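Letter 385 of the sequence shown, counting from 1, is numbered 385 in the UniProt record's numbering, and no numbers are missing.
Below: one structure, written as structure tokens.
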Amino acid sequence: MQEKTLQAIADSRDALTELTRELIRFPTVNPPGEAYTPCAEFIGERLKTSGFAIEYIRGEGTPGDNDTFPRTNVVARREGKRNGPCVHFNSHIDVVEAGDGWTVDPFDGVVRDGRIYGRGACDMKGGLAASIIAVETFLMHNSDYTGAIEISGTVDEESGGFGGVAHLASKGYFSKPRVDHVIIPEPLNKDRVCLGHRGVWWAEIETKGEIAHGSMPFLGDCAVRHMGALLHEFEQTLFPALDRKQTRMPVVPEGARRSTMNINSIHGGQTDDYTGLPSPNVPDRCKLTIDRRFLLEEAITDVKDEVIDILNGLKETRPNFDYEIRDIMEVMPLMTEKDTPVASAVASGIREIFDREPDYVISPGTYDQKHIARLGHLYDCVAYGPGILDLAHRPDEWIGIDDMVQSAQVMALALGQLLSEG
Ligand SMILES: [Zn+2]
């Protein structure tokens, strides 16, 4: 039975290619969140013909949701002959803007030399198509299965997932007893299992000053210079300290196998948007956004204290230094253990198809798994899918057709194992 399924997936190469191209042709660009409804309905209509019950769930009231750009998610569920575990494949249908530098139409699904090109080809419509073909083929050869299978197409992953997986998770779509195992076909490579991601803390720091005429700055107090003092402290003490914090998490690429912090933005002084020149004022405030990525070995309170201690140190040593700090977002680091059912099932699929041990990796950035853990309290979840992460969001993004076929075979094997264990 297993041999037949694997062969049938190999024979579905053309169907898999066509499905990926059709998905790419929906320009589901986020922001603003275009074409979500027709794309979700396309997935729903297709799965209905394979016996799935289809639900469309709109992320009402979530960021960006309105009647012009509704946040339409699709969840498809097919019950087996007997009660048992539910395996869920979750893919985001949104893509980032195409940007410049393309040599092909980013929304046409051009096929060339065994690759499909297009925005979202690898991140992650190729993975979505592979999971659909894997499930459809599995059903043809295993109609007597136990348990349930779900496939979802969700929105807004690229902007935080609030109208997509977070919305569904808050309504119980990613919790037991409804769902037991989740595979997210993000492009982490066909022979790697992604167990989770580093943590995130975003914060806005504002330094305070006093406005005065730019010709007499000594009458005021420059908030940008106070911010400069903070950046100087970051360079002297914080960045070197972060570099030294190594982790046991197998983060890829290796440069991210430690703590990092990015300065996402800095704004100070009057805007020059109107006349091309700001007026001569001493800036009375300056704002900085930091993006700190942290490790399983770090507590979020310590991560915050490192920054707050520097700010308080400046308050003691630097005349008139005053600040405010505001949390924007925090996400805990996540690492599913290798011996959990879903990680083992995907790993054994990889062993069978590629005849090698899988690599276990951790993503440097977060994806929708965070909501499944945080809101759904479901921890048996991995990301596994075809495609090369480095190609995501870039011009001439592509996915290899052979990689999709092999990945679909791994997914079908993992699905069979997880359902039979029930
Ligand atoms: Zn993605």
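Just so it is clear, CB atoms sit at the ideal spot from N, CA and C, and this is done for glycine as well.
Treat the numbers as computed from the prediction; the structure is a model and nothing was measured.
Of the choices the options, whose alpha-carbon is the least far from that of residue i?
i           : options                        : result
Glu78       : Val410, Arg394, Ile132, Pro364 : The question names Glu, yet the displayed sequence has Arg at residue 78. The shortest Cα separation from Arg78 among Val410, Arg394, Ile132, Pro364 belongs to Ile132.
Met404      : Lys4, Arg21, Glu3              : Arg21
Met332      : Tyr367, Phe354, Tyr360         : Tyr367
Leu296      : Cys286, Thr289, Val110, Met335 : Met335
Asn66       : Ile151, Leu288, Asp191, Tyr36  : Tyr36
Gly118      : Pro283, His393, Val111, Pro106 : Pro106
Leu413      : Ile350, Gln369, Asp390         : Ile350
Ile290      : Glu330, Asp322, Tyr274, Pro280 : Glu330
Leu188      : Asp359, Thr154, Thr275, Phe239 : Asp359
Gln406      : Glu352, Arg394, Arg374         : Glu352
Pro70       : Ala76, Glu34, Gly51            : Glu34
Val282      : Glu18, Lys304, Pro217          : Pro217
Leu186      : Lys176, His197, Arg178         : Leu is not the amino acid found at residue 186; the sequence shown has Glu there. Checking every option, the nearest Cα to that of Glu186 belongs to His197.
Thr5        : Asp156, Phe138, Asp309         : Phe138
Ile54       : Gly64, Ile43, Ala10, Gly61     : Ile43
Phe52       : Gly59, Thr68, Thr72, Gly80     : Gly80
Asn262      : Trp202, Thr275, Asp272         : Trp202
Met140      : Gln7, Asp305, Arg394           : Gln7
residue 443 : Gly214, Leu314, Ser50, Ala373  : Outside the displayed range of the chain (1 to 422) lies residue 443, so it cannot be described from this structure.
Met1        : Arg112, Tyr145, Asp108         : Tyr145
Asp14       : Ile116, Pro32, Gly61, Trp102   : Ile116
Val260      : Thr247, Gln270, Ala130         : Residue identity differs from the one stated: residue 260 is Thr in this sequence, not Val. Comparing Cα positions, the closest option is Thr247.
Cys286      : Ser279, Gly269, Ser344         : Gly269
Gly64       : Pro240, Pro32, Ile300, Asp402  : Pro32
Ser420      : Asp221, Arg374, Glu397, Ala345 : Ala345
Along the chain, where does the alpha helix (DSSP H) that runs through residue i open and close?
i      : result
Thr37  : 36–48
Glu397 : That residue, Glu397, is in no alpha helix (DSSP H); it is neither H nor E in DSSP.
Arg21  : 13–24
Glu306 : 300–317
Ile401 : 401–421
Pro341 : 341–354
Gln236 : Taken as a continuous stretch (DSSP letters only), Gln236 belongs to no alpha helix (DSSP H), as it is neither H nor E.
Gly126 : 126–141
Ser170 : 165–170
His371 : 369–374
Which one or two residues does DSSP pair with residue i in a beta bridge?
i      : result
Leu288 : Ile205, Ile266
Glu330 : Trp201
His181 : Val87
Ser363 : His197
Asp221 : Glu210
Gln246 : Arg258
Glu297 : According to DSSP, Glu297 bridges with nothing at all.
Tyr274 : According to DSSP, which records beta bridges pairwise, Tyr274 is partnered with nothing at all.
Val29  : Val95
Tyr323 : Thr207
Met335 : Gly196
Asn281 : His213
Asn189 : Gly385
Arg82  : Thr146
Val251 : Ile362
Hey, does residue i have any beta-carbon neighbour from chain B nearer than 9 Å?
i      : result
Leu139 : Absent from the structure: chain B. Only one protein chain is present.
With C-beta atoms as the reference, is residue i less than 9 Å away from residue j?
i      : j      : result
Ile328 : Val307 : no
Arg258 : Lys245 : yes
Gly376 : Pro386 : no
His181 : His88  : yes
Asp380 : Thr317 : no
Asn142 : Gly416 : yes
Val29  : Ala98  : yes
Gly228 : Asn320 : no
Ile211 : Asn90  : no
Ser363 : Val252 : yes
Ile93  : Phe162 : no
Ala408 : Ala134 : yes
Glu41  : Tyr56  : yes
Lys125 : Leu23  : yes
Gln369 : Ala347 : no
Leu418 : Val342 : yes
Ile205 : Leu47  : no
Lys190 : Phe354 : yes
Phe174 : Leu389 : no
Ile310 : Leu242 : no
Val96  : Glu158 : yes
Asp100 : Pro395 : yes
Could you give the residue range of the beta strand (DSSP E) that holds residue i?
i      : result
Gly147 : 146–154
Glu55  : 53–58
Thr72  : 72–79
Gly385 : 381–385
Val111 : 110–112
Arg115 : 115–117
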